[in-house]
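Trainee: My questions all concern the structure below.
Numbering (our numbering), first residue to last: 1 to 329.
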């Protein structure tokens, strides 16, 4: 029998670490919010395995744990502690959904790669990374919230995840530099950047990074537009919730651009409570104008050019009792 992590624990993780998602989640039904919070908690705990590894030995141990978790999920065999709760939570959420299972294993593999030195040569590599850590979450969330038809809905869900991750990267350049990471593509205006120089306030490096941030936010807008176009594939309540979450994240990027370069390096950009209310209210009104499927627009394949997703691996888009995950118990 599968045991789900306590709902209170998942809700606490969402409230502490995913404020925009928690805010938007109040528009979901109780069951929908519980599943969304459980998915967020699962992804957060997987991410923490990498983020909390500071020494070489800790990074090696984290890499082994992530590899073992992925192997367990693919083979349908419960791992040893401390991975068993993550495995059981994944089983509870995704068993029988082959595409969502593949998305989760893609997520874990990408988080494992984050333990190595980061090198993003070009836009395609950036999009592949953003798919791996966030587009995958879009697939799983859309699946849990009942998006359909899935073959049409999931490409847009991937794009919304990519857009949100691009916003994260644009916002957190200095924070990532503190971890020795730079996610801005080398082929873009940022060029090849030294994290130490960014931390130390080296003017030319920071200016090039700012140019890279602006380009990244321009790219994010294209993916937000596609993600917004896919809202019509969601049931009504999730449609409103995801619209609010998307617009709150989108507002971070717009705030970065409004405030300009000098403010960007002074403090991390956040959306204040009053602005959140305005943005959320506008999103609710705007989503009323989004047509329901099948009237939603077609997906632009160029947005996925050069990247490989769980939709490209010959997996069916329906629920099927196949694959490594066990059936629900």
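All residues carry an ideal CB built from backbone N, CA and C; glycine is no exception.
Note that the structure is predicted; figures quoted are calculated from it, not measured.
Secondary structure at residue 122, three-state DSSP: helix, strand or coil?
Mentor: Residue state, collapsed to three classes: coil.
Trainee: Where do the N-terminal and C-terminal ends of the alpha helix (DSSP H) with residue 252 fall, by residue?
Mentor: Where residue 252 is concerned, the enclosing alpha helix (DSSP H) stretches over 236 to 266.
Trainee: Assess, as a yes-or-no matter, whether the region 121 to 138 is touched by the region 153 to 167 under the definition of 3 or more beta carbon pairs within less than 8 Å.
Mentor: Yes, they touch.
Trainee: What did DSSP end up calling residue 114 once you bin it into helix, strand or coil?
Mentor: It is coil, neither helix nor strand.
Trainee: Count the other CB atoms within 10 Å of the CB of residue 262; is the residue buried (16 or more) or exposed (fewer)?
Mentor: Per the 10 Å Cβ criterion, exposed.
Trainee: Please go through the same chain and pick out, in chain order, the residues whose beta-carbon is closer than 7 Å to the beta-carbon of residue 114, but skip the five residues on each side of it.
Mentor: Excluding positions up to five away in sequence, the list reads 50.
Trainee: Since residue 306 and residue 134 should fall inside the 8 Å C-beta cutoff, what is the C-beta to C-beta distance between them, to a whole number of angstroms?
Mentor: Residue 306 to residue 134, Cβ: 17 Å. No contact.
Trainee: By the three-class DSSP mapping on this structure, what secondary structure does residue 172 have?
Mentor: Coil, per DSSP.
Trainee: Classify residue 151 as buried or exposed, calling it buried when 16 or more other Cβ atoms lie within 10 Å of its own Cβ.
Mentor: With fewer than 16 other Cβ atoms within 10 Å, it is exposed.
Trainee: Assign residue 9 to one of two classes, buried (16 or more other C-beta atoms within 10 Å of its C-beta) or exposed (fewer than that).
Mentor: Its Cβ having fewer than 16 others within 10 Å, residue 9 is exposed.
Trainee: Give the straight-line distance between the Cα atoms of residue 88 and residue 78, rounded to the nearest whole angstrom.
Mentor: Each residue's alpha carbon lies about 8 Å from the other.
Trainee: May I have the straight-line CA-CA distance separating residue 138 from residue 158, to the nearest angstrom?
Mentor: So the alpha carbons of these two residues sit roughly 5 Å apart.
Trainee: Could you work out which residue in 192, 249, 236, 219 is closest to residue 32 when comparing CA atoms only?
Mentor: Selected option, being the one with the closest Cα: 236.
Trainee: According to DSSP, simplified to helix, strand and coil, what is residue 97?
Mentor: Three-state result, residue 97: strand.
Trainee: Any idea if residue 238 is buried or exposed, counting beta-carbon neighbours within 10 angstroms, 16 or more meaning buried?
Mentor: Residue 238 comes out buried.
Trainee: Which value, in whole angstroms, describes the spacing of the CA atoms of residue 75 and residue 105?
Mentor: Cα-Cα distance, rounded: 12 Å.
Trainee: Among the residues of its own chain, which have a CB less than 6 Å from the CB of residue 188, if the five just before and after it don't count?
Mentor: For residue 188, where only same-chain residues beyond five positions count, the Cβ hits under 6 Å are 212, 215.
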